[in-house]
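Okay, structure first, notes after.
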Amino acid sequence: MFGKPPKIDETIKFCNRLAIVATIFFFQCVFLYEAAALYGSRSCLKIAEEKGLHINCLTMFPVWLPFEADVSTQLIISFVQFMLILYCVIPVGAACLLPWEVSQQLTIHIHHLNNMFNNIFETDNKEEQRRRLSIWIKYNLRIIRITCKLNRLTKGCVGIVSLVVSIVLALTANQLMSWNRPLAAFMHISGWLCSLTANCITGQQIINQIIKSSYSYMTLLKNVT
């Protein structure tokens, strides 16, 4: 009814590839975080041995236990922490990337909507103009419904990111300055900044395309009338 927007298939394929790359990237980040934690456990074990302390140095992040854990128990706990972080990080990363993917497709649909509007007045037949205008209005309403759904999704993502990102950046900046697991701190900062940037780009691209469309509509109507 509305026709297929140009380059929509290429955009969908690109977004699918990007989702796969992002999933691999998230997995590698968690794996590097685990490796950095195990690598840094050597200094922790050395300090614990010198001071006679019982510290769980082999876990991915600090954990208190009501009993003394041996090496194998700590490694099992570290593996469980690794799987839990994977379970949380990959879906959250996908949720931050999804609004951006939808915005890319929406931008193409809005551009296709502009082309349909330009074609309305290419004929002098009034009935044909009404038919094309009716299709254009239905297509416009469909895009508006999708945009409203995207707005609800993005509002939740941006709200959470805006609330948490300042705390995360402050803590990781302190971690970097103290040189305590700098690789882990850098991965934290990179992840949050990428999420914030993706959500900001999502809204801005749609706003730019809508402004461009509005200007095109007004210019065309002025020329027609």
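Counted from 1, the sequence shown has number 74 at position 74 by the UniProt record's numbering; the numbering is strictly sequential. All C-beta atoms, glycine included, are put in the ideal place defined by N, C-alpha and C.
Please report how far the alpha carbon of LYS46 lies from the alpha carbon of GLY40, in whole angstroms. 10 Å
Suppose the cutoff is 7 Å on Cβ atoms and the five residues either side in sequence are ignored; what does the same chain contact list for ASP9 look like? none
Own chain partners of CYS194 with C-beta closer than 6 Å, once the 5 adjacent residues on each side are dropped: none
Report the residue from HIS111, SER103, ARG130, GLN129 whose alpha carbon sits nearest the alpha carbon of ILE146. SER103
Rounded to a whole number of angstroms, what is the C-alpha to C-alpha distance between HIS123 and TRP136? The question names His, but residue 123 is Thr in the sequence shown. Taken atom to atom, the span from the alpha-carbon of THR123 to that of TRP136 is near 15 Å.
Classify ALA37: buried if its beta carbon has 16 or more other beta carbons within 10 angstroms, exposed otherwise. buried
Taking DSSP as the reference, what is the three-state secondary structure of PHE26? helix
As a quick exercise: from PHE79, CYS29, ASN56, VAL80, pick the residue whose alpha carbon is nearest that of ASP70. ASN56
ALA95 to PHE25, Cα distance in whole Å? Going from the Cα of ALA95 to the Cα of PHE25 covers about 15 Å.
Beta-carbon spacing of SER72, GLU34 below 8 Å: It is not a contact, given that the beta carbons lie outside the stated cut-off.
Which complete alpha helix (DSSP H) runs does the segment 5-82 hold, if anything under 4 residues is left out? 8-51
What residues in its chain sit with their C-beta under 8 Å from that of ILE90, if we drop five residues either side in the sequence? THR23, PHE26, PHE27
Residue environment, GLU50, which counts as buried when at least 16 other CB atoms sit within 10 Å: Exposed, because fewer than 16 other Cβ atoms sit within 10 Å of the Cβ of GLU50.
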